[in-house]
Amino acid sequence: MEIFTSWPSWAHAEGPLAAALPAPTVDALRDAVAFARRRHGVQQRPTGRPYLEHLLEALEVAVRGAGLSDRDVLVSIVLHDVLEDTPCTEAEVARRFGPEVGALVRWVTRPPGGAKADHLASLVKAPPKAVLVKLADRVSNVQELQRMPWRFQRRYYLETVAYIMPLAGAHPWFATWFAEWRGHWRRVERWPA
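According to my numbering, the stretch in the sequence shown is residues 4 to 196, in order.
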């Protein structure tokens, strides 16, 4: 199971992105990273690491792992949490990055007060591009799940198996990655099938 943590900052990501993607896409990603950095500010991941690292991990998953190159998908991956975790609105995202990016970010954003399980279950109706955004996000979230408290690990493992792995089935790279991840966790943690 490959781990994607070699782009902890834009300085680490920019060169590999420039080698893999057209210059206008890299420019859009640079803008999205700057926008996300401003919006998320000093927010941290549950592990205590800067929030931007998660966004760049998800981007690395998409580009280096899954080989994605669609500009709107990649920009949406960088921005996928701005609606849920900051005061940013879909209209702001759409104005700055286009209506498709705004819509993709909305699809992967849990509605205020909505149950997480209901939101994850609703993703079966999401457009394929939105599913790719969620898959890259979840790979970043679970690739080092062992760093989290045990109860969180169990909940996240079960959510991923129940809701995310079925979404990955239509995307061979993600399906393979999640199958390897699940096999690893079942061996290490002896969790249920």
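The C-beta atom is built at its ideal place from N, Cα and C for all residues, glycine as well.
DSSP assignment within the stretch 6 to 81 yields no whole beta strand (DSSP E) run of 3 residues or more. For Thr179, the closest C-alpha among the options Arg40, Ala61, Ala69 and Tyr54 is that of Ala69. Lys128: not part of any alpha helix (DSSP H); DSSP gives it neither H nor E. About 5 Å separates the Cβ atoms of Ala171 and Phe181, confirming a contact at the 8 Å cut-off. The way I'd put it, the stretch 101 to 114 does touch the stretch 127 to 136; three or more beta-carbon pairs between them come closer than 8 Å. The alpha-carbon of Arg141 is positioned some 15 Å away from that of Glu87. DSSP places Glu183 in the helix class (H, G or I) of the three-state scheme. A Cβ-Cβ contact shorter than 8 Å links Thr8 with Glu60.
If you ignore the 5 residues before and after Arg74, its C-beta comes within less than 7 Å of the C-beta of Thr28 and Ala31, all in its own chain and listed in chain order. With respect to the C-alpha of Trp10, the residue from Arg150, Gln149, Val36 and Trp184 having the closest C-alpha is Val36. When DSSP states are grouped into helix, strand and coil, Arg113 belongs to the coil group. DSSP places Met168 in the helix class (H, G or I) of the three-state scheme.
Only residues of its own chain outside the window of five on either side were considered, and among them Tyr54, Glu56 and His57 have a CB closer than 8 Å to the CB of Arg48, listed in chain order. Cβ atoms of Val85 and Val78 stay farther apart than 8 Å, at about 11 Å. About 6 Å separates the beta carbons of Val66 and Leu20, which is inside the 8 Å limit, making them a contact pair.
Between Leu123 and Glu162 a beta carbon distance of about 6 Å is seen, short of the 8 Å cut, so the two are scored as contacting. Contact between Val145 and Trp176 does not hold, since the beta-carbon distance rounds to 15 Å and is not under 8 Å. Separation of the CB atoms of Leu24 and Ser72 is rounded to 6 Å, and the pair is thereby assigned contact status at 8 Å.
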